[in-house]
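First residue of the sequence shown? That's 3 in the numbering used here, and the numbers climb one at a time after it.
Yeah, the Cβ is synthetic: ideal placement off N, Cα and C, and Gly gets one too.
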Amino acid sequence: MPASLIAYCGPAGTPQDLWLRWNTDPLLLAALAALACVIASGRSADARAGWLALALMVVVFVSPLCALSSALFSARVTHHIILIAVIAPLLARAFPLPRIPSPPLVPVVAAHAVIVWLWHAPGLYTWGLATVAAYWLMQATLLGSAWLLWRSIFAPLVQTGVALMALVATIGQMGLLGALIVFSPRPLYVVHFASTAAWGLTPLADQQLAGLLMWVLAMVPYLAAGLWIAWSSLRAGEPAL
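What follows is the structure in structure tokens.
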């Protein structure tokens with residue numbers, strides 16, 4: 003695979019053409035339209051969360067962010083952060099599927115961590131962008147494991163302390179991965195080598211920016227969720243007046 007070409011999102015976006023690079027894949031648009039119909043029909047537990055998730059899915063898959071993520075590893079990491087830390091919890095709120103038993107939280111946290119680390123290993127990352135099938139396997143496993151994680155965290159019977167520990171563990175493993183990427187002495191993600199210069203970055207600078215995003219920015223949704231869970235628990239424990 004040429005270093006400047008990603009199988010699904012196409013050639014790397016440049017500053018000159020980026021805003022013209024919208025993804026109009028008919029199958030993708032049909033899937034998003036089907037999701038919109040499900041939300042509009044009232045079959046989601048939280049319609050507002052469902053619509054927000056749908057809007058963000060348009061951002062990561064349809065908007066020029068798709069083409070930008072072909073050019074920059076930092077854009078791809080931003081895509082992944084939005085997918086697993088924002089879209090996934092919104093989908094977990096919109097579609098908790100309460101009739102399906104939730105698996106134990108510890109294995110879910112571990113499985114999600116393994117999936118995140120595997121897809122950001124340089125070789126598997128490059129393979130995940132080499133074909134359309136591999137690209138969607140990457141997206142499905144990242145989103146699916148994150149949805150299971152957030153669904154278990156939000157489950158009504160899960161203890162507050164257990165949910166908070168799951169969030170802390172997830173922040174910790176993503177921060178460690180981000181730190182390893184930041185402090186790598188050489189660029190690792192060869193698929194982006196030919197396209198970073200157009201954006202005024204070296205491959206190593208792009209990689210370091212991506213690591214910082216995963217290390218720092220990615221923790222914000224998890225911290226926000228933890229504060230919300232803790233606050234909700236305290237309010238539930240307040241005696242009625």
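Cβ-Cβ separation, residue j to residue i (assumed contact under 8 Å), whole Å
i, j, result
"I84", "V116", "Their Cβ separation, rounded to whole angstroms, is 21 Å, which puts I84 and V116 out of contact at 8 Å."
"G52", "A87", "Going by Cβ atoms, the distance from G52 to A87 rounds to 17 Å, so no, they are not a contact pair."
"N25", "F75", "Not really, about 19 Å apart at Cβ, beyond 8 Å."
"A200", "P17", "7 Å"
"A32", "I41", "Going by Cβ atoms, the distance from A32 to I41 rounds to 15 Å, so no, they are not a contact pair."
"Y191", "Q210", "In fact, because the Cβ distance is near 12 Å, the residues do not count as touching under 8 Å."
"W217", "A181", "6 Å"
C-beta atoms of residue i and residue j nearer than 8 Å
i, j, result
"L56", "L34", "yes"
"L47", "S197", "Contrary to the premise, residue 47 reads as Ala rather than Leu in this sequence. Going by C-beta atoms, A47 is not nearer than 8 Å to S197."
"A171", "S147", "no"
"S71", "H81", "yes"
"P189", "L169", "no"
"A220", "L145", "no"
"L178", "V79", "no"
"R153", "S104", "yes"
"V184", "G213", "yes"
"P121", "G130", "Before going on, a small fix: residue 121 reads as Trp here, not Pro. Taking 8 Å as the Cβ cut-off, W121 and G130 qualify as a contacting pair."
"P1", "F156", "The requested residue 1 is not part of the displayed model; the chain covers only 3 to 243."
"V108", "L151", "no"
"A94", "L166", "no"
"L126", "L92", "no"
"A69", "R23", "yes"
Let me know the alpha helix (DSSP H) ranges lying completely inside the region 162-220, each 4 residues or longer, listed in chain order.
Qualifying alpha helix (DSSP H) stretches, in chain order: 162-184, 205-214.
In the region 55-92, which residue ranges form an unbroken beta strand (DSSP E) of at least 3 residues, counting only runs that do not cross its ends?
Within the region 55-92, no complete beta strand (DSSP E) run reaches 3 residues.
Could you check whether the region 148-162 touches the region 230-238, counting it as contact only if at least three pairs of C-beta atoms, one from each stretch, sit closer than 8 Å?
Here the region 148-162 lies against the region 230-238, with 3 or more beta-carbon pairs under 8 Å apart.
With a threshold of 8 Å, are at least 3 pairs of Cβ atoms found where one atom belongs to the region 124-144 and the other to the region 9-16?
These segments touch.
Can you give, in chain order, each stretch of the alpha helix (DSSP H) that sits fully within the region 86-127 and has at least 4 residues?
Restricting attention to alpha helix (DSSP H) runs no shorter than 4 residues, the region 86-127 encloses them at 90-96, 107-121, ordered along the chain.
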